[in-house]
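Each residue of the sequence shown is one higher than the one before, starting from 1 at the first, in full-length UniProt numbering.
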Amino acid sequence: MFDTVDNYKEEALNTILPIGKPYLDVEMSYMRDLTTTNIATQVPFTNVELQSPTGQFYGRNQLTKNMITIDRKKDLITPSGLIFGTSGSGKGMATKWEILSTRLKFPKDRFLIVDPESEYLPIGKELDAEILDISTGTKNHLNILGMVDKQLLDEEDQELDLVKEKSNLLSTMFESLLKSYTDVDAGLVDRVTLLTYERFENKETEPTLVDWFRILKEQTDEGAKELANKVETYCVGSQDIFAHQTNIDLTAPFIVFNTKKLDDRLKKFAMKVILDQLWKQVVSGQGKVTSRLYFDELQVNFTTEEEAEWFLNLWARIRKYGAVTTGITQNPTTLLDSKAGQKMIANSEFLILLRQKPIDSQRLVEILSLTPALKKYINDRAPQGTGLISAGGVVVPFENPIPKETHLFEIMNTDA
1 MFDTVDNYKE EALNTILPIG KPYLDVEMSY MRDLTTTNIA TQVPFTNVEL QSPTGQFYGR
61 NQLTKNMITI DRKKDLITPS GLIFGTSGSG KGMATKWEIL STRLKFPKDR FLIVDPESEY
121 LPIGKELDAE ILDISTGTKN HLNILGMVDK QLLDEEDQEL DLVKEKSNLL STMFESLLKS
181 YTDVDAGLVD RVTLLTYERF ENKETEPTLV DWFRILKEQT DEGAKELANK VETYCVGSQD
241 IFAHQTNIDL TAPFIVFNTK KLDDRLKKFA MKVILDQLWK QVVSGQGKVT SRLYFDELQV
301 NFTTEEEAEW FLNLWARIRK YGAVTTGITQ NPTTLLDSKA GQKMIANSEF LILLRQKPID
361 SQRLVEILSL TPALKKYIND RAPQGTGLIS AGGVVVPFEN PIPKETHLFE IMNTDA
């Protein structure tokens, strides 16, 4: 039964507030107690939305069918992001959609993609990207000993011992590549690295692994001779991809680093070298251009806690200089099993979660404090191309279907 309330509009409005107190002289027979769960069904606008006036389109809210728009650079304090999804979940499509829409909205930004499986070549070619094949069969080289310009670093990073950082990088490289790598070897790597940079301190050119190897050969102790025999192939032999001056243009506006042809052991380490090189580019471009980094197969950097810490520190450092970083993996277990990986997930304000394995979905629910109602959107039965988007702590279920008959689907699809 409805009736008008003349001269009591304020009391009427206060009465319908969900506080359980009437301000009108209403008979108790017209009053009804309801729990908050029941009353919520009667209150409009209870669904959460992700809509930014400057954002780009990420799909539709599965509950309201409204658009999801996010501007990672402007809306989030730290725009670092992660994209998780099992094989066949639509992870690749979601990533490429993000790259494509961001490129179209911000054409002056720089896009740098590390592509271990040649998955981003079609979209890279469509967007006139520079495709760089990083493998032993090409003449492309990255100088692992190339140093960032210290004058461009902020006050905190001015305290970094950059030579020590390079020594640690080399030590990590040899430890992952050699069958036997001892504490004596690590000490030699540190010593030779210091000597190498001392000799090149007043020179215009940067040292390379060829120079480093020559200085190693000058050492007279027996351990140096043994180490030289073990690392020769990576310094002056057939695997010398990181042993010469960088001869590729890393300042191009759109670059895809294709590492598919690399040996698995070198591929794993190549990601670290590329990230180290990209830090130089981000530092030199800070304040001038926004760099957007995409790292696929992120999990290979978290196989040991030492590797994970090194990667996380450099990842955070790159982010600090204004880059928008995005990590992609179909195997979040490796990150979830690592303290550094858990920290990376917790500190990422932007997440796209698609279909997950049961054990992974449960752990993500715990780390991200997702409700049981949201968990169903990322379980192992979630439809392809659907899941959850989290931005700044706001989580919504999304869907972003791409019509299969379109050219867009053709260049983005990677299903066999």
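For glycine and all other residues, C-beta sits at the position ideal for the given N, C-alpha and C.
Can you check whether the CB of residue j is closer than 8 Å to the CB of residue i?
| i | j | result |
| --- | --- | --- |
| residue 319 | residue 80 | yes |
| residue 111 | residue 257 | no |
| residue 352 | residue 389 | yes |
| residue 271 | residue 163 | no |
| residue 391 | residue 75 | yes |
| residue 328 | residue 276 | no |
| residue 70 | residue 56 | yes |
| residue 260 | residue 118 | yes |
| residue 123 | residue 412 | yes |
| residue 311 | residue 273 | no |
| residue 266 | residue 239 | yes |
| residue 227 | residue 188 | yes |
Excluding five sequence neighbours on each side, which residues of the same chain lie with their C-beta closer than 8 Å to the C-beta of residue i?
| i | result |
| --- | --- |
| residue 359 | 333 |
| residue 232 | 213 |
| residue 12 | 5, 23, 24 |
On the CB-based measure, 16 or more other CB atoms within 10 Å of its CB, does residue i come out buried or exposed?
| i | result |
| --- | --- |
| residue 166 | buried |
| residue 394 | exposed |
| residue 18 | exposed |
| residue 397 | buried |
| residue 313 | exposed |
| residue 199 | exposed |
| residue 281 | buried |
| residue 95 | buried |
| residue 142 | buried |
| residue 53 | exposed |
| residue 20 | exposed |
| residue 220 | exposed |
In whole angstroms, what is the alpha-carbon distance linking residue i and residue j?
| i | j | result |
| --- | --- | --- |
| residue 184 | residue 133 | 35 Å |
| residue 410 | residue 303 | 34 Å |
| residue 147 | residue 208 | 11 Å |
| residue 429 | residue 403 | The question about residue 429 has no answer here: the residues shown for the chain are numbered 1 through 416. |
| residue 399 | residue 382 | 11 Å |
| residue 264 | residue 170 | 18 Å |
| residue 380 | residue 339 | 25 Å |
| residue 317 | residue 349 | 16 Å |
| residue 385 | residue 138 | 36 Å |
| residue 223 | residue 186 | 11 Å |
| residue 252 | residue 84 | 28 Å |
| residue 205 | residue 337 | 42 Å |
| residue 145 | residue 61 | 47 Å |
| residue 191 | residue 168 | 11 Å |
| residue 211 | residue 217 | 10 Å |
| residue 104 | residue 181 | 47 Å |
| residue 99 | residue 401 | 16 Å |
| residue 361 | residue 331 | 11 Å |
| residue 414 | residue 93 | 8 Å |
Please return the same chain residues whose Cβ sits closer than 6 Å to the Cβ of residue i, not counting the five positions on each side in sequence.
| i | result |
| --- | --- |
| residue 64 | 47 |
| residue 354 | 85, 89, 90, 91, 387 |
For residue i, which residues in the same chain have their Cβ closer than 7 Å to its Cβ, ignoring the five residues on either side in sequence?
| i | result |
| --- | --- |
| residue 284 | 149, 152 |
| residue 341 | 302, 308, 334, 335 |
| residue 195 | 215 |
| residue 357 | 86, 380 |
| residue 367 | 342, 345, 346 |
| residue 268 | 176, 300 |
Just checking: is the beta-carbon of residue i within a distance shorter than 8 Å of some beta-carbon in chain B?
| i | result |
| --- | --- |
| residue 274 | In summary, chain B is missing from the structure at hand, where a single protein chain is found. |
Practice item. State whether the stretch 119-138 contacts the stretch 238-250, with contact taken as three or more CB pairs (one from each stretch) at a distance under 8 Å. Key: yes
**Study point:** Cβ contact check for the stretch 225-240 and the stretch 163-181: 3 or more pairs under 8 Å
**Key:** yes
Exercise for review: Pair every Cβ in the stretch 278-292 with every Cβ in the stretch 322-333, then say whether three or more of these pairs are closer than 8 Å.
Suggested key: yes
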